[in-house]
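**Student:** Residue numbers (my numbering): 2 to 252. Note that the Cβ used here is the ideal one computed from N, Cα and C, for glycine as well. Below are the structure tokens for one structure; questions will follow.
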Ligand code: 13P
């Protein structure tokens, strides 16, 4: 079995002024990291350059929360992969459920954003997850396989090397309801099986699959204990330095 380096990522969503972002990143730079996890923060675009500058030379990596699929053009309010990279991002989240449900990012759009990220060497944190209705209809695995199939369509294992997947059940995001460790493990194992079937066993074993959805300092340990859970994508508690630090230092 491949030993995978854990990733603890914080998605700051639409939070934090410049000053708040700076204070948070300064606190996180001092954080213990006993698991030698990769630590990623995803600030708003307004804070991205500042956070990247402050994070320079530290263990923190900086991610965009999304990118547009074009390099430039008449796309009012959007941010291109070139701009995200220029501001200091090394990663981008794609397909977050809020992007899918609030902003209408479809699998087809996400496939174009995957292309854009790959074109510019941005590491991708590709989010998948089912709604409560889909879970109750026993469609969880089918929904996620389709999101992966369509979102990543057209690329080989070689091209997708370094891909990070985040499983975020929509019903667990910001609700305080966390998937049980067994529920998370079941879906993570299914995602790894999908990856093995499509890209080969080596790719599947090397790919980090993060869990997201109400991850807290109080539940991270049992979630991270699951064999196919390689990290966490944290929302609310990623905004609080002490909480996020505890999550980084999961047991
Ligand atoms: P919460 O941790 O606030 O539930 O958010 C999860 C999430 O959406 C991270 O991307």
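Does the Cβ of residue 87 have 16 or more other Cβ atoms within 10 Å, making it buried, or fewer, making it exposed?
**Tutor:** Mapped onto the chain shown, residue 87 falls at position 86. It counts as exposed.
**Student:** I need the straight-line Cα distance from residue 243 to residue 29, nearest angstrom please.
**Tutor:** Taking the chain shown and counting its residues from 1, the one referred to as residue 243 is at position 242. Taking the chain shown and counting its residues from 1, the one referred to as residue 29 is at position 28. About 9 Å.
**Student:** Check whether the Cβ atoms of residue 167 and residue 123 sit closer than 9 Å, and answer yes or no.
**Tutor:** What you label residue 167 is simply residue 166 of the chain shown in a count that begins at 1. What you label residue 123 is simply residue 122 of the chain shown in a count that begins at 1. Their beta carbons are not under 9 Å apart, which means residue 167 does not touch residue 123 by this criterion.
**Student:** Check whether the segment 103-112 touches the segment 149-165, counting contact only when three or more Cβ pairs, one atom from each stretch, lie closer than 8 Å.
**Tutor:** yes
**Student:** Residue 55 and residue 21 look like a contact to me (Cβ under 8 Å); what is the Cβ gap, rounded to whole Å?
**Tutor:** Working through the chain shown from its first residue, we reach residue 55 at position 54. Working through the chain shown from its first residue, we reach residue 21 at position 20. The Cβ separation is near 12 Å, so there is no contact.
**Student:** Excluding five sequence neighbours on each side, which residues of the same chain lie with their C-beta closer than 6 Å to the C-beta of residue 133?
**Tutor:** Against the chain shown, residue 133 aligns to sequence position 132. Result list for residue 133: 172, in chain order.
**Student:** Does the Cβ of residue 103 have 16 or more other Cβ atoms within 10 Å, making it buried, or fewer, making it exposed?
**Tutor:** As a working note, residue 103 is residue 102 in the chain shown. Exposed.
**Student:** Going by beta carbon distance, what residues of the same chain come within less than 8 Å of residue 235, once the five residues before and after it are set aside?
**Tutor:** Counting from 1 along the chain shown, the entry for residue 235 is found at position 234. Taken in chain order, the residues that qualify are 9, 10, 11, 12, 213, 216, 245 and 248.
**Student:** Between 202, 186, 170 and 135, which has its C-alpha nearest residue 162's C-alpha?
**Tutor:** Here residue 162 refers to the residue found at position 161 of the chain shown. The option with the nearest alpha carbon to residue 162 is 202.
**Student:** Leaving out five residues before and five after residue 251 in sequence, what residues of the same chain have Cβ atoms less than 6 Å from its Cβ?
**Tutor:** Looking up residue 251 in the chain shown gives position 250. The beta carbon of residue 251 lies closer than 6 Å to those of 221, 222 and 225 in the same chain, with the five residues before and after it left out.
**Student:** Over the uninterrupted alpha helix (DSSP H) stretch that includes residue 214, give me the two end residues.
**Tutor:** As a position in the chain shown, residue 214 is number 213, starting the count at 1. Counting along the chain, residue 214 falls outside any alpha helix (DSSP H), and DSSP gives it neither H nor E.
**Student:** Nearest by alpha-carbon distance to residue 90: which of 47, 160 and 17 is it?
**Tutor:** In the chain shown, counting from the first residue as 1, residue 90 sits at position 89. The shortest C-alpha separation from residue 90 is found at 47.
**Student:** Using the Cβ count rule (16 or more neighbours within 10 Å means buried), how would you classify residue 82?
**Tutor:** Residue 82 sits at position 81 when you count from the first residue of the chain shown. Burial call: buried.
**Student:** Considering only DSSP beta bridges, list what residue 64 is partnered with.
**Tutor:** Residue 64 sits at position 63 when you count from the first residue of the chain shown. Answer by DSSP bridge pairing, in chain order: 92.
**Student:** Report the start-end ranges of each beta strand (DSSP E) in the segment 158-213 that is 3 residues or longer and not cut off at the edges.
**Tutor:** Fully enclosed beta strand (DSSP E) runs of 3 or longer: 165-168 and 209-213.
**Student:** Go ahead and pull the three-state DSSP assignment for residue 133.
**Tutor:** Start at 1 with the first residue of the chain shown, and residue 133 comes out as number 132. Residue 133 falls in the helix class under three-state DSSP.
**Student:** Should residue 120 go down as buried or exposed, given a rule of 16 or more other Cβ atoms within 10 Å for buried?
**Tutor:** Within the chain shown, residue 120 is the residue found at index 119, counting from 1. By the 10 Å Cβ count, residue 120 comes out exposed.
**Student:** Quick one: what does DSSP say residue 9 is sitting in, helix, strand or coil?
**Tutor:** Position 8 of the chain shown, counted from the first residue, corresponds to residue 9. In the three-state reduction of the DSSP assignment, residue 9 falls in the strand class.
**Student:** How long is the line joining the alpha carbons of residue 117 and residue 176, rounded to whole angstroms?
**Tutor:** Residue 117 sits at position 116 when you count from the first residue of the chain shown. Residue 176 sits at position 175 when you count from the first residue of the chain shown. Distance between the alpha carbons of residue 117 and residue 176 is about 32 Å.
**Student:** For residue 125 and residue 165, which I take to be in contact (beta-carbon distance under 8 Å), what is that distance rounded to the nearest angstrom?
**Tutor:** In the chain shown, residue 125 corresponds to position 124, counting from 1. In the chain shown, residue 165 corresponds to position 164, counting from 1. Going by Cβ atoms, the distance from residue 125 to residue 165 rounds to 7 Å, so yes, they are a contact pair.
**Student:** Report the option in 94, 23, 6 and 170 whose CA atom is closest to the CA atom of residue 39.
**Tutor:** Numbered from 1 along the chain shown, position 38 holds the residue referred to as residue 39. Per the Cα distances, 6.
**Student:** Are residue 14 and residue 59 close, meaning C-beta to C-beta below 9 Å?
**Tutor:** Along the chain shown, read from residue 1 onward, the residue named residue 14 stands at position 13. Along the chain shown, read from residue 1 onward, the residue named residue 59 stands at position 58. In this structure, residue 14 keeps its C-beta atom at 9 Å or more from the C-beta atom of residue 59.
**Student:** So for residue 115, helix, strand or coil by DSSP?
**Tutor:** Along the chain shown, read from residue 1 onward, the residue named residue 115 stands at position 114. It is helical.
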